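A short worksheet on the structure shown next.
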Amino acid sequence: MAQDVESLYAAVKALVCVVRTNRTVQLEMDRRRGYQTLAMLLRRKRPLLNSHILHLTFSLVGTVDSGRESSSIPNTMAFQDLLCDIEVMIMSFICLKLNRPTSYSLKISVF
20 MAQDVESLYA AVKALVCVVR TNRTVQLEMD RRRGYQTLAM LLRRKRPLLN SHILHLTFSL
80 VGTVDSGRES SSIPNTMAFQ DLLCDIEVMI MSFICLKLNR PTSYSLKISV F
(Lines of atoms letter the chains of each structure in order from A and count residues from 1; the text may use other names and numbers.)
(Lines give C-alpha, C1' and ligand atoms only; values in the text may rest on other atoms or scores of the structure.)
Protein backbone atom coordinates (compact mmCIF):
# COMPACT_ATOMS: atom_id res chain seq x y z
CA MET A 1 0.00 0.00 0.00
CA ALA A 2 1.13 3.51 -0.77
CA GLN A 3 2.67 5.36 2.16
CA ASP A 4 3.04 8.76 0.51
CA VAL A 5 1.27 10.96 -2.03
CA GLU A 6 3.67 10.16 -4.86
CA SER A 7 3.24 6.40 -4.46
CA LEU A 8 -0.54 6.70 -4.31
CA TYR A 9 -0.56 8.90 -7.42
CA ALA A 10 1.67 6.42 -9.29
CA ALA A 11 -0.56 3.49 -8.32
CA VAL A 12 -3.79 5.24 -9.35
CA LYS A 13 -2.17 6.46 -12.57
CA ALA A 14 -1.09 2.91 -13.45
CA LEU A 15 -4.60 1.62 -12.75
CA VAL A 16 -6.16 4.34 -14.92
CA CYS A 17 -3.79 3.58 -17.81
CA VAL A 18 -4.49 -0.17 -17.67
CA VAL A 19 -8.26 0.21 -17.34
CA ARG A 20 -8.52 2.77 -20.13
CA THR A 21 -6.44 0.75 -22.60
CA ASN A 22 -7.64 -2.80 -21.92
CA ARG A 23 -11.30 -3.68 -22.46
CA THR A 24 -10.93 -6.99 -20.61
CA VAL A 25 -9.70 -5.19 -17.51
CA GLN A 26 -12.60 -2.73 -17.79
CA LEU A 27 -15.07 -5.62 -17.83
CA GLU A 28 -13.35 -7.29 -14.87
CA MET A 29 -13.44 -4.06 -12.87
CA ASP A 30 -17.20 -3.97 -13.44
CA ARG A 31 -17.76 -7.67 -12.81
CA ARG A 32 -15.73 -7.81 -9.59
CA ARG A 33 -16.84 -4.38 -8.37
CA GLY A 34 -13.25 -3.17 -8.50
CA TYR A 35 -14.36 0.47 -8.39
CA GLN A 36 -15.97 -0.18 -5.02
CA THR A 37 -12.68 -1.67 -3.78
CA LEU A 38 -10.81 1.37 -5.11
CA ALA A 39 -13.25 3.67 -3.28
CA MET A 40 -12.57 1.78 -0.03
CA LEU A 41 -8.81 2.08 -0.54
CA LEU A 42 -9.08 5.79 -1.33
CA ARG A 43 -11.13 6.26 1.84
CA ARG A 44 -8.32 4.64 3.84
CA LYS A 45 -5.76 6.85 2.11
CA ARG A 46 -7.85 10.02 2.46
CA PRO A 47 -5.01 12.00 4.10
CA LEU A 48 -2.90 11.41 0.97
CA LEU A 49 -5.51 12.53 -1.58
CA ASN A 50 -4.75 15.60 -3.62
CA SER A 51 -6.25 17.30 -6.67
CA HIS A 52 -4.14 15.23 -9.08
CA ILE A 53 -5.37 11.94 -7.64
CA LEU A 54 -8.96 13.17 -7.68
CA HIS A 55 -8.52 14.23 -11.31
CA LEU A 56 -7.31 10.71 -12.12
CA THR A 57 -10.40 9.35 -10.39
CA PHE A 58 -12.62 11.58 -12.54
CA SER A 59 -10.80 10.43 -15.67
CA LEU A 60 -11.19 6.78 -14.65
CA VAL A 61 -14.94 7.27 -14.35
CA GLY A 62 -14.97 9.07 -17.69
CA THR A 63 -16.34 12.38 -16.50
CA VAL A 64 -13.16 14.28 -17.42
CA ASP A 65 -12.45 14.11 -21.11
CA SER A 66 -11.75 17.37 -22.88
CA GLY A 67 -12.17 15.71 -26.28
CA ARG A 68 -15.81 14.86 -25.67
CA GLU A 69 -18.80 17.13 -25.78
CA SER A 70 -21.10 14.67 -24.03
CA SER A 71 -23.30 15.00 -20.98
CA SER A 72 -23.61 11.26 -20.42
CA ILE A 73 -21.76 9.14 -17.88
CA PRO A 74 -19.89 6.42 -19.78
CA ASN A 75 -19.42 4.07 -16.81
CA THR A 76 -22.31 4.29 -14.37
CA MET A 77 -20.95 1.59 -12.07
CA ALA A 78 -17.64 3.42 -11.62
CA PHE A 79 -19.54 6.69 -11.15
CA GLN A 80 -21.73 5.18 -8.43
CA ASP A 81 -18.89 3.45 -6.61
CA LEU A 82 -16.31 6.24 -6.76
CA LEU A 83 -17.97 9.62 -7.19
CA CYS A 84 -21.19 8.95 -5.33
CA ASP A 85 -19.23 8.06 -2.21
CA ILE A 86 -20.29 11.33 -0.62
CA GLU A 87 -18.08 11.13 2.45
CA VAL A 88 -14.86 10.59 0.51
CA MET A 89 -15.59 13.24 -2.11
CA ILE A 90 -16.84 15.99 0.22
CA MET A 91 -14.08 15.50 2.76
CA SER A 92 -11.46 15.39 0.02
CA PHE A 93 -12.66 18.65 -1.50
CA ILE A 94 -12.97 20.36 1.87
CA CYS A 95 -9.49 19.30 2.89
CA LEU A 96 -8.03 20.32 -0.46
CA LYS A 97 -9.64 23.72 -0.12
CA LEU A 98 -8.48 24.13 3.48
CA ASN A 99 -5.16 22.43 2.74
CA ARG A 100 -5.54 20.23 5.83
CA PRO A 101 -5.26 16.48 6.36
CA THR A 102 -8.52 14.54 6.49
CA SER A 103 -8.37 13.11 9.98
CA TYR A 104 -12.01 13.63 10.92
CA SER A 105 -15.20 11.96 9.79
CA LEU A 106 -18.26 13.50 8.18
CA LYS A 107 -21.69 12.32 9.26
CA ILE A 108 -24.33 12.61 6.54
CA SER A 109 -28.00 11.81 6.97
CA VAL A 110 -29.89 10.66 3.91
CA PHE A 111 -33.57 11.59 3.96
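What the sequence shown shows, in my numbering, is residues 20 to 130, in sequence order.
For every residue, glycine included, the Cβ atom is placed at its ideal position computed from N, Cα and C.
As the structure is a computational prediction, the values presented were derived from the model and not from experiment.
Three-state secondary structure (DSSP) of residue i
i, result
"A21", "coil"
"I92", "coil"
"K64", "coil"
"L51", "The residue you asked about is not Leu; residue 51 is Arg in the sequence shown. Looking at R51 - three-state DSSP - the assignment turns out to be coil, as it is neither helix nor strand."
"C103", "coil"
Buried versus exposed call for residue i [16 or more other C-beta atoms within 10 Å across all chains shown]
i, result
"L102", "buried"
"M48", "buried"
Closest Cα partner of residue i within the set the options
i, options, result
"V38", "L57, M20 and V24", "L57"
"C36", "L67, L75 and Q55", "L75"
"V31", "T95, E47, L68 and R42", "L68"
"Q55", "V80, H71 and V24", "V80"
"T95", "M59, S70 and R50", "R50"
Expected contact under 8 Å - CB spacing of residue i and residue j to nearest Å
i, j, result
"K64", "A21", "6 Å"
"L27", "I92", "That belief does not hold up - the Cβ atoms of L27 and I92 are roughly 25 Å apart, past 8 Å."
Beta-carbon proximity of residue i to residue j, cut-off 8 Å
i, j, result
"R62", "D100", "no"
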